[in-house]
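Those protein sequences? They're chains A, B, C, D, E and F, same order as listed. Counting in numbering that gives the first Met the number 0, the first sequence runs from 0 upward without gaps. Counting in numbering that gives the first Met the number 0, the second sequence runs from 0 upward without gaps. Counting in numbering that gives the first Met the number 0, the third sequence runs from 0 upward without gaps. Counting in numbering that gives the first Met the number 0, the fourth sequence runs from 0 upward without gaps. Counting in numbering that gives the first Met the number 0, the fifth sequence runs from 0 upward without gaps. Counting in numbering that gives the first Met the number 0, the sixth sequence runs from 0 upward without gaps. Beta carbons: idealized from backbone N, C-alpha and C, even for Gly. To start, the structure under review is shown below, and the notes come after it.
Number of protein chains: 6
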Amino acid sequence: MAMVPPIDDEGATPEVRAVFDDIRRTRGVERINNFWRVLANDPASLRRTWDSLKSVMAAGALDPLTKELIYLAVSIANGCQYCTASHGAAARRLGMTKEMLGELIAVVGMASQTNRLADGYRVPVDEGFENLF
Amino acid sequence: MAMVPPIDDEGATPEVRAVFDDIRRTRGVERINNFWRVLANDPASLRRTWDSLKSVMAAGALDPLTKELIYLAVSIANGCQYCTASHGAAARRLGMTKEMLGELIAVVGMASQTNRLADGYRVPVDEGFENLF
Amino acid sequence: MAMVPPIDDEGATPEVRAVFDDIRRTRGVERINNFWRVLANDPASLRRTWDSLKSVMAAGALDPLTKELIYLAVSIANGCQYCTASHGAAARRLGMTKEMLGELIAVVGMASQTNRLADGYRVPVDEGFENLF
Amino acid sequence: MAMVPPIDDEGATPEVRAVFDDIRRTRGVERINNFWRVLANDPASLRRTWDSLKSVMAAGALDPLTKELIYLAVSIANGCQYCTASHGAAARRLGMTKEMLGELIAVVGMASQTNRLADGYRVPVDEGFENLF
Amino acid sequence: MAMVPPIDDEGATPEVRAVFDDIRRTRGVERINNFWRVLANDPASLRRTWDSLKSVMAAGALDPLTKELIYLAVSIANGCQYCTASHGAAARRLGMTKEMLGELIAVVGMASQTNRLADGYRVPVDEGFENLF
Amino acid sequence: MAMVPPIDDEGATPEVRAVFDDIRRTRGVERINNFWRVLANDPASLRRTWDSLKSVMAAGALDPLTKELIYLAVSIANGCQYCTASHGAAARRLGMTKEMLGELIAVVGMASQTNRLADGYRVPVDEGFENLF
């Protein structure tokens, strides 16, 4: 169903295998999702994407669950079905409850509605919305 | 610059004025943003949108700041300039720091990148991503 | 502000001038919008786009105003600011009232909201939604 | 296939059941679509979304079929597969013919094309496209 | 699974058949993709779309493979699954290698990421980015 | 006009300055675009984004101009105004002619149109569009 076949552990080059191992260690899971197995057809892209993702999603000013909720919300807004499914599961593992999911989707829906109202009425930006910091 | 002129307090019907008052009370601010003043040209839509927004954004399983961060992230993903500006300011009022904004935008960028990778490779959804609850 | 400068009547080649004349005749207006003047930098694209547009927007099973309302709605959903402005003006010329605009934007907002709810919950397509005709 | 399981009539709380009954009454149909059954996992969201939808889609300055056509067009532009399927079926029930569907999709395609042309050439907004009413 | 059934060769009117023949001749393939067979339900749209596509995709200042790669990239960015699949196959026929596909998807992902960064930070357009020619 | 102020050379930390210098060296230009100056408010994001961009956009199976054209096309499709302006200028520097720009925008428009036709008709994916390599 994909553009290129997924790479399983046997077919992985040492370079790819090193990324798979780092994913397993970092996330504490054994399973490697289809996303990484398909991306492994382009080892440089696999390495670059995983390194960026690990860095961006690490705890910082925002905690990991909040980051994962934002990730899921953006995936819904972008209409990416795979991403909505996989980051829904990831947020669940990090503690997202059914009530939190319900509220998250409600916010995404509300934002998308008012986004269209603002765009449709061509609302001019208010003074004071610049250089917040 | 808008499709219809903003409605100021003098031009507001009692119905519109009631919503403006509720916005001021709920948010503890005096200023009514352009969004609501433009939307006031359609009083039924103003009432419906404000009532839904107030309900969706109230504290629940997710706290108000987390909801506002999700709202901002979705507005960026949808490419809505007004909404990015206004919800950036709203999140700032609720305590978003410069570091939090930086990490939020990084997550939105990362999600948009991997969304395209998943779509581009047509990655099939993994088993086990259904009925999370 | 554009990628290429707009072409005025004096700078128009006979090929471009012929399209400008056809736009004036078909729409019964003297002014040629910036869209066509910028597109005139690529005469083949100007001709192809105008011919397709004239054919698609002509009265058929849907009347011209309904078509223009759909056009405006899609431009809002796509976040195209120029198109929202220009097709708002076009719909106005064809008889769109302020109330109709308000309801149209409300529908666009509502659809965008429920689109995200359906995407977010990953709602499976119901049986019976195929081959409607 | 969904994030949460659909709620059938037996599993519906009285609050959810009341919305289901109102949907059946308002639309004159017996079947409740998957969208509402999945949304029923979050009863407050179900009630809010249905109430807004009923209000937004009621006859007004625009008749119900025109509203449904706009809804369908936006769902296509947003790339929401479930929504395109369900609102295609809804428009069909309200009288959309095969010719109307063909013209609608042609307008959506045309608008999406010219949206990209306007965005790509960065066409500046013409004077006179403001405050239409 | 479609809104309307695909039209096979037997069910094709002479008008539709002429377009099918032109597709076969122009592309040097025997198979007519589902896209054209479904579009054939609206013969005017089939003719208009095929004529535009043939003209837009013909060799010019950009060679056919470069055009097909751009087409594929846009389809991924628009989240159109059918189009990503069919234009992936078309680019393959024109000589796209697995490495080229990997780099193309990486560019699409990178662009989508920086698009969100620019939108999220509301970066002002630099002087000197106007009227490039 | 931005969410955070641009960082000029004087205000740059050594870490930020090192990235600015690498941008100047790699591109052979003196000017640092607003994008990088705004991003410099989050030095880790600046470094990560520039490193990824430099790697993704380097010559490989696709030459730099082709990659820049794909980047520009995706920016148009995503409706990112800053990115369309800045990558239009970048492609111009790499040799894009006015005719190439015209054809590129025409392909983006055409793809967006047929994307909506495929989505609107819900065209099923043809057999043989899987695992292209």
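If we cut at 8 Å on Cβ distances, does residue i have a partner in chain D?
i	result
Gly119 of chain A	no
Lys53 of chain C	no
Arg114 of chain E	Sequence check: residue 114 of chain E is Asn here, not Arg. With 8 Å as the cut-off, Asn114 of chain E does not count as an interface residue toward chain D.
Leu141 of chain B	One cannot answer for residue 141 of chain B here, as it falls past the ends of chain B, which runs 0 to 132.
Thr48 of chain C	yes
Does the separation of the CB atoms of residue i and residue j fall below 8 Å?
i	j	result
Gly78 of chain E	Asp125 of chain B	no
Val107 of chain B	Ile75 of chain B	yes
Val55 of chain B	Ala1 of chain B	no
Leu103 of chain F	Ala84 of chain F	no
Asn33 of chain E	Pro5 of chain E	yes
Ser111 of chain C	Ser51 of chain E	no
Met109 of chain C	Leu68 of chain C	no
Leu116 of chain F	Ala88 of chain E	no
Pro42 of chain F	Glu9 of chain F	no
Val3 of chain A	Arg46 of chain A	no
Ala60 of chain C	Glu129 of chain D	no
Lys53 of chain D	Thr25 of chain D	yes
Thr65 of chain A	Thr113 of chain B	no
Gly140 of chain A	Ser44 of chain D	Residue 140 of chain A lies beyond the stretch modelled for chain A, which goes from 0 to 132, so this question has no answer here.
Give a yes or no on whether 8 Å exceeds the smallest Cβ distance from residue i to chain C.
i	result
Val122 of chain A	no
Glu129 of chain E	yes
Asp41 of chain B	yes
Ile69 of chain D	yes
Using a C-beta cutoff of 8 Å, does residue i count as contacting chain B?
i	result
Asn33 of chain D	no
Asp125 of chain A	yes
Ala17 of chain C	no
Ala88 of chain A	yes
Could you please give the first and the last residue of the uninterrupted alpha helix (DSSP H) stretch that includes residue i?
i	result
Asn33 of chain D	Asn33 to Leu38
Pro42 of chain F	Pro42 to Met56
Asp20 of chain B	Pro13 to Arg26
Met109 of chain B	Lys97 to Gly119
Val73 of chain E	Pro63 to Ala76
Gly59 of chain C	Careful: Gly59 of chain C lies outside any alpha helix (DSSP H) and carries neither H nor E.
Arg91 of chain C	Gln80 to Arg92
Shorter than 8 Å from the beta carbon of residue i to some beta carbon of chain E?
i	result
Gly78 of chain D	yes
Val3 of chain F	yes
Gly108 of chain B	yes
Arg26 of chain F	no
Thr65 of chain F	yes
Cα-Cα, which of the options is closest to residue i?
i	options	result
Tyr81 of chain F	E:Gln80, E:Val122 and E:Tyr70	E:Val122
Leu93 of chain B	B:Thr113, B:Tyr120 and B:Ala57	B:Ala57
Ala39 of chain F	F:Arg30, F:Tyr70, F:Arg23 and F:Asp7	F:Asp7
Ala105 of chain F	C:Trp49, C:Ala90 and C:Ala105	C:Trp49
Tyr120 of chain B	A:Arg91, A:His86, A:Trp35 and A:Ala90	A:Trp35
I'd like to know if residue i contacts chain F, where contact means its C-beta is closer than 8 Å to some C-beta of that chain.
i	result
Ser85 of chain D	no
Ala105 of chain B	yes
Met0 of chain A	yes
Determine, for residue i, whether the minimum Cβ-Cβ distance to residues of chain A falls below 8 Å.
i	result
Leu100 of chain E	yes
Thr96 of chain B	yes
Ile75 of chain C	yes
Ile6 of chain B	no
Comparing the C-beta of residue i with each C-beta of chain H, is any distance below 8 Å?
i	result
Ser44 of chain E	The structure shown contains no chain H; its protein chains are A, B, C, D, E and F.
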